[in-house]
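Student: Numbering (the UniProt record's numbering), first residue to last: 1 to 456. Where is the CB? At the ideal position from N, CA and C, for every residue including glycine. Please read these numbers as outputs of a predicted model, since none were measured by experiment. Mind having a look at this structure? Questions to follow.
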């Protein structure tokens with residue numbers, strides 16, 4: 001008989017503030033805070049967690065263990081994940097798979113990052129870069145088009161900028177459309193106390209800002225960030241045993257993909273930005289969920305650079321290949337339109353701590369579905385989508401909806417003692433004591449920083 005996977009559900013989410021790298025907070029604190037908040041949100045303790053997947057890009061071999069041992073050395077499996085910018089979502093996939101395979105009833109997905117200021121760079125100079133094929137083909141395409149091929153700007157920005165330029169050349173859009181996307185995301189972030197940037201430049205200000213590449217300006221770029229995010233993923237049996245129906249969000253679809261031959265065969269700058277990964281991951285997720293893009297009301301899309309949001313609209317089925325800029329013109333990517341894209345502010349303004357990014361998306365969408373997103377809340381959300389891509393070959397698309405047995409109940413304010421969505425507070429020692437293991441030895445940090453609050 002064919003195998004029928006178990007359903008998996010998100011019952012708890014946690015976030016730290018995504019902030020400018022200043023060296024003020026180390027990854028064990030960021031990972032601990034995100035996990036403690038997710039456990040509080042779920043109403044359980046670390047003793048209930050049977051397995052954990054931990055994502056980060058910049059760190060040593062067992063940073064996940066270092067972060068989670070602070071909650072108790074319970075002996076559970078802890079797997080560390082690095083999948084470029086889709087690292088957080090990749091950890092989420094591992095946690096969800098353990099539930100769907102029936103290997104566990106309660107899994108933790110955690111992501112964090114402590115990043116260096118400035119644009120991304122490799123720590124290695126003695127081995128082949130994973131993206132050397134992408135890099136060489138971009139240079140070839142730009143040489144054929146007689147563009148300047150000197151090293152103008154960080155490579156990631158050049159890739160996504162080139163994708164945006166191809167769209168402009170093919171379909172009659174302008175860079176004003178891309179500036180409008182960036183301005184929209186910054187406007188959304190003003191209401192997000194967890195966001196790194198909370199300013200709202202106009203589209204004209206975005207367009208006239210300092211150039212980072214030939215086409216991309218600074219407000220179109222995601223910053224390097226420090227931060228953490230976590231999600232508790234469980235089975236239906238676990239939900240009913242612990243009476244968690246009032247926070248049960250079903251993972252209705254989960255699409256995972258890597259690059260196809262189109263990456264190189266099409267000789268397309270849009271394809272070099274990973275468009276086909278997004279198409280195929282979205283197709284898988286929609287099929288599993290039995291939904292289409294028309295059924296989605298809100299989504300967090302991987303806008304590491306504003307051009308990528310534009311070229312990803314068609315990849316996610318929101319429109320035809322040549323109609324992405326029409327979504328911008330109609331305002332169908334913001335409140336009052338067909339979809340609200342990146343209500344959190346997206347990576348451009350919310351911040352982009354690589355290991356935490358995908359799990360942050362899950363957290364924001366879970367709160368939307370529970371009606372607990374505060375000032376970011378979209379009306380009548382029935383289905384939500386997350387899209388997290390990592391150049392070099394990784395894309396995850398998830399579709400979330402309320403569980404069929406979902407019932408209204410306690411608000412996150414009841415669980416935290418404050419409105420979690422509208423107020424960003426640091427973890428307290430009392431919160432740690434509440435959720436740490438009660439049955440195993442624990443390794444606590446020397447001290448917990450004094451609580452700090454960020455309100456709307």
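What's the gap between the Cα of residue 98 and the Cα of residue 346?
Tutor: Those two C-alpha atoms are separated by around 29 Å.
Student: Whole angstroms is fine: what's the gap from residue 9's alpha carbon to residue 248's?
Tutor: Distance between the alpha carbons of residue 9 and residue 248: 6 Å.
Student: Does DSSP put residue 378 in a helix, a strand or coil?
Tutor: Looking at residue 378 - three-state DSSP - the assignment turns out to be coil, as it is neither helix nor strand.
Student: Please report the straight-line C-alpha distance between residue 390 and residue 153, rounded to a whole angstrom.
Tutor: The alpha-carbon atoms of residue 390 and residue 153 are separated by roughly 19 Å.
Student: With a 10 Å radius around its C-beta and 16 neighbouring C-beta atoms as the bar for buried, classify residue 405 as buried or exposed.
Tutor: It is exposed - the Cβ of residue 405 has fewer than 16 other Cβ atoms within 10 Å.
Student: Does the segment 292-310 come close enough to the segment 347-354 that 3 or more CB-CB pairs lie under 8 Å?
Tutor: Yes, the segment 347-354 touches the segment 292-310.
Student: Just to confirm my understanding: we take residue 385, look at its own chain, exclude 5 residues before and 5 after, and list those with CB closer than 6 Å. What are they?
Tutor: Counting only Cβ-Cβ distances below 6 Å, and skipping sequence neighbours, we find 296, 299, 399.
Student: For residue 257, report the span of its beta strand (DSSP E) as first-last.
Tutor: Start and end: 249-257.
Student: Hey, how far is the Cα of residue 117 from the Cα of residue 6?
Tutor: Those two C-alpha atoms are separated by around 42 Å.
Student: Could you check whether the segment 228-239 touches the segment 208-220, counting it as contact only if at least three pairs of C-beta atoms, one from each stretch, sit closer than 8 Å?
Tutor: Touching, no, given that fewer than three Cβ pairs across the two stretches are closer than 8 Å.
Student: For residue 388, count neighbouring C-beta atoms within 10 Å of its own C-beta (all shown protein chains included) and say buried if the count is 16 or more, exposed if not.
Tutor: Classification of residue 388: buried, given that the 10 Å Cβ count is 16 or more.
Student: Taking only the alpha-carbon atoms, compute the straight-line gap between residue 174 and residue 182 and give it to the nearest angstrom.
Tutor: Each residue's alpha carbon lies about 14 Å from the other.
Student: Reducing DSSP to helix, strand and coil, say where residue 51 ends up.
Tutor: Three-state DSSP puts residue 51 in a strand.
Student: Indicate whether the contact test is met: 3 or more Cβ pairs, each with one atom in the segment 122-131 and one in the segment 85-96, closer than 8 Å.
Tutor: Touching, no.
Student: Just mark residue 87 as buried or exposed, buried being the case when its beta carbon has 16 or more other beta carbons within 10 Å.
Tutor: So residue 87 counts as buried.
Student: If you follow the beta strand (DSSP E) that residue 80 is part of, which residue opens it and which one closes it?
Tutor: Per DSSP, residue 80 belongs to the beta strand (DSSP E) from 78-81.
Student: Based on Cα-Cα distance, which residue from 180, 186, 188, 135 lies nearest to residue 162?
Tutor: For the residues 180, 186, 188, 135, the minimum Cα distance to residue 162 belongs to 135.
Student: Are residue 252 and residue 289 closer than 7 Å when you measure CB to CB?
Tutor: In this structure, residue 289 lies closer than 7 Å to residue 252 by Cβ.
Student: From residue 208 to residue 309, what distance separates their C-alpha atoms?
Tutor: So the alpha carbons of these two residues sit roughly 20 Å apart.
Student: Are the segment 363-379 and the segment 68-77 touching by the rule of at least three beta carbon pairs closer than 8 Å?
Tutor: These segments do not touch.
Student: Would you mind listing the beta strand (DSSP E) stretches within the segment 208-286 that are 3+ residues and don't spill past its ends, in chain order?
Tutor: If we require 3 residues or more, the beta strand (DSSP E) runs fully inside the segment 208-286 come out as 227-234, 249-257.
Student: Is residue 341 buried or exposed, if buried means 16 or more other CB atoms sit within 10 Å of its CB?
Tutor: Buried.
Student: Buried or exposed for residue 408, please, with buried defined as at least 16 other CB atoms from any protein chain shown within 10 angstroms of its CB.
Tutor: Residue 408 is exposed by the Cβ-count criterion.
Student: Is residue 446 helix, strand or coil when you go by DSSP?
Tutor: At residue 446, the pLDDT of 49 sits below 50, so the modelled position is not reliable; the number obtained from the coordinates is stated separately. In the structure shown, residue 446 sits in coil (DSSP, three-state: anything other than H, G, I, E or B).
Student: Could you spell out where the alpha helix (DSSP H) holding residue 90 opens and where it closes?
Tutor: Unbroken alpha helix (DSSP H) run through residue 90: 87-100.
Student: Check whether the Cβ atoms of residue 164 and residue 178 sit closer than 7 Å, and answer yes or no.
Tutor: Contact: yes.
Student: What number of angstroms, rounded off, separates the C-alpha of residue 103 from the C-alpha of residue 37?
Tutor: Between residue 103 and residue 37, the C-alpha separation is close to 24 Å.
Student: Look up residue 19 in the DSSP assignment and give the residues it is bridged to.
Tutor: Paired residue(s): 226.
Student: Mapping DSSP to helix, strand and coil, what is residue 107?
Tutor: Residue 107: strand per DSSP, three-state reduction.
Student: If you reduce the DSSP assignment to three classes, tell me which class residue 305 lands in.
Tutor: Strand at residue 305.
Student: Could you compute how far the alpha carbon of residue 114 sits from the alpha carbon of residue 282?
Tutor: Going by the C-alpha atoms only, they are around 30 Å apart.
Student: Please confirm if the segment 47-64 is in contact with the segment 76-83, defined as three or more CB-CB distances below 8 Å between the two stretches.
Tutor: Because the criterion of three Cβ pairs below 8 Å is met, the segment 47-64 and the segment 76-83 touch.
Student: Please name the residue in 293, 436, 427, 331 whose C-alpha comes closest to that of residue 382.
Tutor: Nearest of 293, 436, 427, 331 to residue 382, Cα basis: 293.
Student: Could you check the C-alpha separation between residue 378 and residue 335 for me, to the nearest Å?
Tutor: So the alpha carbons of these two residues sit roughly 7 Å apart.
Student: Tell me where the beta strand (DSSP E) around residue 395 begins and ends.
Tutor: Per DSSP, residue 395 belongs to the beta strand (DSSP E) from 394-402.
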